[in-house]
Amino acid sequence: MKKQRPVNLDLTTISMPATAKASILHRITGVALFFALTFVIWAWSESLSSPEGFEFVKGLFSGFIAKFIAWGTVSVLAYHLIGGIRHMIQDMGHWEELESGNSSAKIAIALSVVVAILAGVWIWS
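Per the UniProt record's numbering, the sequence shown runs over residues 1 to 125.
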């Protein structure tokens, strides 16, 4: 039996609710954290290897690119943590209704934007 279903391949025309966006962002930040940890682990390893290694990492973190990577890592970690707490609360049976789920997703996204801004101020000051 051949099904003739419409296929929409233009993802820009699909309007996703806040819950879907929050869930997708949570997955993306998890993958980003995996890759960001390679930089973090390398920096820890190098800084603990010798006094010269510590000074090298310290000097490296004064550059724009390293600060940008650090800000990105902190921002991704903050969103993933906030999203994870939201998912844990939902696993306990709260915020499962459509309205409260959308509200909690919007709050999680907004809170992570605030934390990212504060992290940027902290790192670049």
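Every residue, glycine too, gets a C-beta built ideally from N, C-alpha and C.
{"Check": "Contacts around A78, its chain only, beta-carbon distance under 8 Å, and the 5 residues preceding and following it disregarded", "Outcome": "S112, V115, A116, A119"}
{"Check": "Distance, G72 Cα to S47 Cα", "Outcome": "20 Å"}
{"Check": "Neighbour-count burial assignment, A22, 16 or more Cβ in a 10 Å radius", "Outcome": "buried"}
{"Check": "Beta-carbon proximity of T29 to V74, cut-off 8 Å", "Outcome": "no"}
{"Check": "Candidates K106, R86, A43, I24: closest to F54 by CA position", "Outcome": "A43"}
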